[in-house]
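Novice:
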Amino acid sequence: MSPLLTALMLVFAGGFFAFTMLKRLVPLLALRREDRTSRAGERVAGLLRFGFGQRRMVDPEELRPGVMHVVIFAAFMILALRTVTLFGIGFAEGFHLPLLAPGSPFGRAYGFAKDVMVLGALVCSLGFLWRRLVTKPDRITLSWEGNLILGFIAGLMVTDMMFDGAGMLAAGEPAAWWAPAGSLAAALYRGLGLPAGAVHALGAGGFWAHLAIVLTFGNFLPYGKHFHIITALPNVYVRALPPGSSALRKLDLEAEGASFGAQSVKDLSWKEALDVYSCTECGRCQTHCPTYVTGKPLSHKEVNRAIKQHLIAEAPELTALARAADPAAREAAAAALPAITAVVPPETFWACTTCGWCETACPVFIENIPRLVDMRRQKVLVDSELPDEAARVFKNIETQGNPWGIGSNKRTEWCEDLGVPRASDGGEFEYLFFVGCAGAFDDRQKKVSRAIVQILREAKVSFAILGEEETCNGEAARRLGNEYLYQLQAAQNVERLNAYGVKKVLVQCPHCLNTIKNELPQLGGRYEVVHHTQLISRLVAEGKLRPGRAPILDGQAVTFHDPCYLARHNGVYEAPREALASAGVEVREMPRNRRQGFCCGAGGGRMWLEEKLGTRVNQNRVDEAAATLGEAGGVVAVGCPFCMTMIRDGVNETGREEKLRVLDVAEIVASGLVQLGKPGAGAPAPVAQAAPER
Ligand code: SF4
Ligand code: SF4
């Protein structure tokens, strides 16, 4: 015990810690404001489940490291009381926290829990060291810092045991059930035959070393990736709540002095800065990232690291910006900041398919898609530096209301012979069938639109389409950075839908679903939106639809490819499988399915861009489907027009036309209806593997 030494240690370490934290946090005041205080109940529940409960850590794919992390986290939580007690003992011998007196029932219960966690954390920290030094999994960053931190953790556990063991021997109680770790240390002292003086010295050494490690550890955290130990829980609390990154931030394009994207680090929000501080560099975001897996220069983890180092390097300029009072001083301080492309090159943010895997996998809820889209917005709206293919797509949407640039007057050719009702006819309808550009203009997807009409008629669902009044939802334009064009398109659709008093919208495209459901509310459009696979599943459950075995399958095996914007972005995993089951299909799952589903490569507007770097994402997925279906081949079922195109392209590019067919869930179900001899409004035409069209 030494009150002076303890106080000196606390003052020095505490002062240095406060100094570092100010250096890290003050620059955040210069960043974009963002309110993350709403829905407090949901935030607290999430904090308990994902922060303290570590729910994402114990993902089945990462069970062993996840459990080891949970044990260390729990040990830290429980040892926090012990650390306070030890500092108290530094000031006064025999100090203990209320209710935790040694020998009291609570004290013994706490002592037992604490010692179990000490032993668990010691074993797990050694386990992590083994992973880093021997097994070296691809996803983790092998730095000296990680080893040092594990050394700190193991050191904390060992010094705690040294202190307790010595105390137990001094008290003449060499073993106790409530102190298994201390008993182990006492047994070791006795086994080594150490004299009382040596045991006392080791106990005192353990005590002071423990305090020194705690303070050094705490001060070291803000300097490396283990800053997450401080920021992760707050970051989980202020996480994006659903729909999160599935609904991008609406830019106010009329506002004076508005920023139209991320030109420099000052255009990121404070939350995005907290995100990069919180990255643990665990690499879970990479495991199913289509860009990382196919060798493109984008890894969520690496982007975080680059932005974090940049934030730290630019902290003086950001601090000056935060302090600048008048507009001229603010402008000068902002101009001193380098462009963010200095650390996140354009090929990085153009590569993202916005598939959402990284955000779903991240245990600390780091957001990635909005900031990458903000970087695209800067390039498109301000710098006019964008891929030629993107410029062409924007022009097509502007002039014809669809990305192909096909005459807008051809939007209803797909259903000319079906007599499909229009909303403008003035009749009553339950669902507005938003056909989407692919469903109206893409020859392959037109067959899916027809199959959906057949199903709706079979189930006697009343519906109507907008026909030529429908226009592109602008989703691809928005995710390619053209917020201006997106808002024009979205406003037109909202105006039409609201004019007809639409309440329920049926879509066949998960991108339409996401935009209409999650993004149109920003422009005054609020509707109940269902994907066709959801509606089919519901109609079957209600007994309104009874498909038989689908002859179109010809007895072949079927696998299902989860569309990112239906599955991860909107949580619809089972409906397509239920719809397939209703047609007698037993889905043979690919290894990467449901939440782990692998992107087809088309999201984020990538459907319209050349894929020049690395290997092709769609071929990676087709290889997996082919391996799942085996030598005999079979059918890849999809529920998205983009997936349809990308998977068919992949089949053709890998020369598997003879083995693999790609069918939409609606085509399979509609085929079952035909088999039952129940006439629909137009059976789907035979599906051929025509040349890909984009
Ligand atoms: S972004 Fe999340 S998942 Fe990726 S390395 Fe950082 S903490 Fe891990
Ligand atoms: S959204 Fe998908 S493609 Fe983009 S970085 Fe994340 S995992 Fe990779």
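The numbering used here puts the first residue of the sequence shown at 2, with every later residue one more than the last.
Glycine included, C-beta positions come from ideal geometry on N, C-alpha and C.
Closest to Arg539 by C-alpha separation, out of Cys513, Leu567, Gly475, Leu457, would be which residue?
Specialist: Walking along the sequence shown from the start, residue 539 turns up at place 538. The shortest C-alpha separation from Arg539 is found at Leu457.
Novice: If you draw a straight line from the C-alpha of Thr217 to the C-alpha of Val27, how long is it?
Specialist: The residue labelled residue 217 in the question sits at position 216 within the sequence shown. The residue labelled residue 27 in the question sits at position 26 within the sequence shown. So the alpha carbons of these two residues sit roughly 23 Å apart.
Novice: So the alpha helix (DSSP H) Thr560 belongs to, where does it begin and stop?
Specialist: Along the sequence shown, one-based indexing puts residue 560 at 559. No alpha helix (DSSP H) contains Thr560, which is instead part of the beta strand (DSSP E) from 558-561.
Novice: Three or more C-beta pairs closer than 8 Å, one from the region 228-242 and one from the region 41-55: is that the case here?
Specialist: Yes, since at least three Cβ pairs between the region 228-242 and the region 41-55 fall closer than 8 Å, the two stretches touch.
Novice: Here's the rule I'm using: 16 or more other beta-carbon atoms within 10 Å means buried, otherwise exposed. How should Lys302 be labelled?
Specialist: Working through the sequence shown from its first residue, we reach residue 302 at position 301. Answer is buried; the Cβ neighbour count reaches 16.
Novice: In this structure, does DSSP put Leu661 in helix, strand or coil?
Specialist: Position 660 of the sequence shown holds residue 661. Here Leu661 sits in strand by DSSP.
Novice: Which of the three DSSP states is assigned to Glu520 in this structure?
Specialist: As a first step, residue 520 must be located in the sequence shown, where it is residue number 519. In the structure shown, Glu520 sits in a helix (DSSP, three-state: H, G or I).
Novice: By the 10 Å Cβ neighbour count, where 16 or more other Cβ atoms means buried, how is Ser583 classified, buried or exposed?
Specialist: Reading the sequence shown from its first residue, position 582 is the one you call residue 583. Flag for Ser583 reads buried.
Novice: Report back the beta-carbon spacing between Gly544 and Lys380 to the nearest angstrom; my notes put them in contact at under 8 Å.
Specialist: Working through the sequence shown from its first residue, we reach residue 544 at position 543. Working through the sequence shown from its first residue, we reach residue 380 at position 379. Their Cβ separation, rounded to whole angstroms, is 52 Å, which puts Gly544 and Lys380 out of contact at 8 Å.
Novice: Looking at Leu521: is its Cβ nearer than 8 Å to the Cβ of Ala491?
Specialist: Within the sequence shown, the letter at position 520 stands for residue 521. Within the sequence shown, the letter at position 490 stands for residue 491. Closer than 8 Å, so yes.
Novice: Buried or exposed for Asp447, going by 16 or more other Cβ atoms inside 10 Å?
Specialist: Counted from its first residue, the sequence shown places residue 447 at position 446. A small correction: the amino acid at residue 447 is Lys; Asp does not occupy that position in the sequence shown. So Lys447 ends up on the buried side.
Novice: Heavy atom of ligand 1 less than 7 Å from the Cβ of Phe403, yes or no?
Specialist: Residue numbering aside, residue 403 sits at position 402 when the sequence shown is read from its first letter. Per the sequence presented here, residue 403 reads as Asn, with Phe not at that position. Flag unset: Cβ of Asn403 not near ligand 1.
Novice: May I ask you to list the residues that DSSP assigns as paired with Glu529?
Specialist: Residue mapping note: residue 529 aligns to position 528 of the sequence shown, counting from 1. Glu529 pairs with Lys505.
Novice: When the cut-off is 8 Å and only beta carbons count, does Pro347 lie next to chain D?
Specialist: Here chain D cannot be found, since the structure has a single protein chain.
Novice: Contact defined as beta carbons within less than 8 Å: I believe Phe92 pairs with Pro4. What is the distance between those atoms, to the nearest angstrom?
Specialist: Within the sequence shown, the letter at position 91 stands for residue 92. Within the sequence shown, the letter at position 3 stands for residue 4. Right, the Cβ-Cβ distance comes to about 5 Å (below 8 Å), so this counts as a contact.
Novice: Does the beta-carbon of Ala465 have 16 or more other beta-carbons within 10 angstroms, so that it is buried, or is it exposed?
Specialist: As a first step, residue 465 must be located in the sequence shown, where it is residue number 464. Under this definition Ala465 is a buried residue.
Novice: Do Glu360 and Ser246 have their CB atoms nearer than 8 Å?
Specialist: Against the sequence shown, residue 360 aligns to sequence position 359. Against the sequence shown, residue 246 aligns to sequence position 245. Cβ distance < 8 Å, so Glu360 and Ser246 count as in contact.
Novice: Using a Cβ-Cβ cutoff of less than 6 Å, which residues in the same chain neighbour Gly440 once the five nearest sequence positions on both sides are dropped?
Specialist: Position 439 of the sequence shown holds residue 440. Here the set comprises Gln446, Ser450, Gln509.
Novice: Heavy atom of ligand 1 less than 7 Å from the Cβ of Thr281, yes or no?
Specialist: Along the sequence shown, read from residue 1 onward, the residue named residue 281 stands at position 280. Yes - ligand 1 has a heavy atom lying nearer than 7 Å to the Cβ of Thr281.
Novice: Of the choices Ala568, Ala362, Glu654, Ala31, whose alpha-carbon is the least far from that of Ser265?
Specialist: Stepping through the sequence shown from its first residue, residue 265 is reached at position 264. Cα-wise, what sits closest to Ser265 is Ala31.
Novice: Less than 7 Å between the CB of Asn236 and some heavy atom of ligand 1, yes or no?
Specialist: In the sequence shown, residue 236 corresponds to position 235, counting from 1. Asn236: no, Cβ never under 7 Å from ligand 1.
Novice: Note down the Cα distance separating Gly605 from Arg377, rounded to an integer number of angstroms.
Specialist: As a first step, residue 605 is located in the sequence shown; it is residue number 604 there, counting from the start. As a first step, residue 377 is located in the sequence shown; it is residue number 376 there, counting from the start. Approximately 11 Å, taken between the alpha carbons.
Novice: Exposed or buried, Val559, counting other C-beta atoms within 10 Å across all chains shown (16 or more means buried)?
Specialist: On the sequence shown, residue 559 is found 558 positions in, with the first residue counted as 1. Answer is buried; the Cβ neighbour count reaches 16.
Novice: Would a C-beta distance cut-off of 8 Å place Gly640 and Leu536 closer than the cut-off?
Specialist: To locate residue 640, count along the sequence shown from 1; it is residue 639. To locate residue 536, count along the sequence shown from 1; it is residue 535. For Gly640 and Leu536, no; Cβs fall outside 8 Å.
Novice: Does DSSP classify Arg377 as helix, strand or coil?
Specialist: Residue 377 sits at position 376 when you count from the first residue of the sequence shown. Three-state DSSP puts Arg377 in a helix.
Novice: I'd like to confirm the pairing. Which residues does DSSP put opposite Val588 in its beta bridges?
Specialist: Residue mapping note: residue 588 aligns to position 587 of the sequence shown, counting from 1. In DSSP, Val588 forms a bridge with Val559.
Novice: Please name the residue in Leu373, Ala452, Gly468, Ala460 whose C-alpha comes closest to that of Ser672.
Specialist: For the purposes of this step, residue 672 is taken as the residue at position 671 of the sequence shown. Ser672 has its Cα closest to that of Ala452, out of Leu373, Ala452, Gly468, Ala460.
Novice: Whose C-beta lies closer than 8 Å to the C-beta of Leu524 among residues of the same chain, with five residues either side of it excluded?
Specialist: Within the sequence shown, numbered from 1, the residue matching residue 524 stands at position 523. The answer, listed in chain order, is Lys251, Gln488, Ala491, Ala492, Val495.
Novice: Could you check whether the region 12-24 touches the region 98-114, counting it as contact only if at least three pairs of C-beta atoms, one from each stretch, sit closer than 8 Å?
Specialist: Too few Cβ pairs lie closer than 8 Å, so no.
Novice: Which runs of the alpha helix (DSSP H) at least 4 residues long sit entirely within the region 337-409? Give them in chain order.
Specialist: Listed in chain order, the complete alpha helix (DSSP H) runs (minimum 4 residues) inside the region 337-409 are 347-352, 358-362, 370-378, 389-401.
Novice: Note down, in chain order, each residue of its chain lying with its Cβ closer than 7 Å to the Cβ of His211, except the 5 sequence neighbours on either side.
Specialist: Along the sequence shown, one-based indexing puts residue 211 at 210. Cβ within range, chain order: Leu87, Leu157, Thr160, Asp161, Phe164.
Novice: Spatial neighbours of Phe208 within its chain, please: C-beta separation below 6 Å, excluding the five flanking residues on both sides.
Specialist: Taking the first residue of the sequence shown as position 1, residue 208 is located at position 207. These residues qualify, in order along the chain: Phe164.
Novice: Which residues bound the alpha helix (DSSP H) around Tyr238?
Specialist: The residue you call residue 238 lines up with position 237 of the sequence shown. It spans 229-238 - the alpha helix (DSSP H) in which Tyr238 sits, taken as one unbroken run.
Novice: Per DSSP, Ile466 forms a beta bridge with which residues?
Specialist: Within the sequence shown, residue 466 is the residue found at index 465, counting from 1. Note: Ile466 sits in a beta bridge opposite Arg423.
Novice: Compute the distance between the beta-carbons of Trp609 and Pro404, then report whether it is under 8 Å.
Specialist: Sequence index remark: in the sequence shown, residue 609 carries index 608 (1-based). Sequence index remark: in the sequence shown, residue 404 carries index 403 (1-based). Yes. Within cutoff.
Novice: What distance in whole Å lies between the Cβ atoms of Met58 and Val71, which are believed to be in contact at a cut-off of 8 Å?
Specialist: What you label residue 71 is simply residue 70 of the sequence shown in a count that begins at 1. What you label residue 58 is simply residue 57 of the sequence shown in a count that begins at 1. Yes, Val71 and Met58 are in contact; Cβ-Cβ is about 6 Å, under 8 Å.
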